[in-house]
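Notes follow the structure.
Numbering (my numbering), first residue to last: 3 to 179.
Here it is as structure tokens:
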């Protein structure tokens, strides 16, 4: 079942990547282009924990950095999406949160990711960083992520639960059970 889950996550990430690069920019929405890949990484972190979230974030970010039209700093997306997956996994360990709180968390992670892209891009002198546009991008990215999260997070959670192995009652690094 673990191999099947890995294949399902890979297909999910590749599908989100292709939709983000081909379909979502065609909508012509104001501000940022909706970041479906970030929402899927956050959903995987929420459903699978911090290690799986960080792993999915790294794989998704590296793919985003390498797939054409990759014109940015190599590793920037991998760094930011790894952090998003990890934070979502840490936050998602407590499963008794409401839907609105979960959507708000994914929206906040999307806004923080825009700031993270801008900060790291500013440090490495990425010419695509325009600081005057960052507030607009933060707001629109948070809004688009909230709308996407309402649909994506429950679907990804159901997929991960369906393909998850039986709980052994012991999780490496967690002694609070």
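The C-beta atom is built at its ideal place from N, Cα and C for all residues, glycine as well.
Where residue i sits in the DSSP three-state scheme
i, result
"residue 130", "coil"
"residue 19", "helix"
"residue 36", "coil"
"residue 117", "helix"
"residue 110", "helix"
"residue 8", "helix"
"residue 124", "helix"
"residue 41", "helix"
"residue 25", "coil"
"residue 102", "helix"
Span separating the alpha-carbon of residue i from that of residue j
i, j, result
"residue 72", "residue 47", "25 Å"
"residue 88", "residue 31", "29 Å"
"residue 129", "residue 115", "18 Å"
"residue 110", "residue 142", "11 Å"
"residue 40", "residue 158", "13 Å"
"residue 84", "residue 55", "7 Å"
"residue 155", "residue 42", "7 Å"
Residue interval of the alpha helix (DSSP H) (run including residue i)
i, result
"residue 141", "136–165"
message = If we require 3 or more residues per run, which beta strand (DSSP E) segments fall completely within the stretch 47–97?
response = Listed in chain order, there is nothing to give.
inquiry  = Between the stretch 9–29 and the stretch 57–65, can you find at least three pairs of beta-carbon atoms closer than 8 Å?
reply    = Taking 8 Å as the limit for Cβ pairs, the verdict is that the stretch 9–29 does touch the stretch 57–65.
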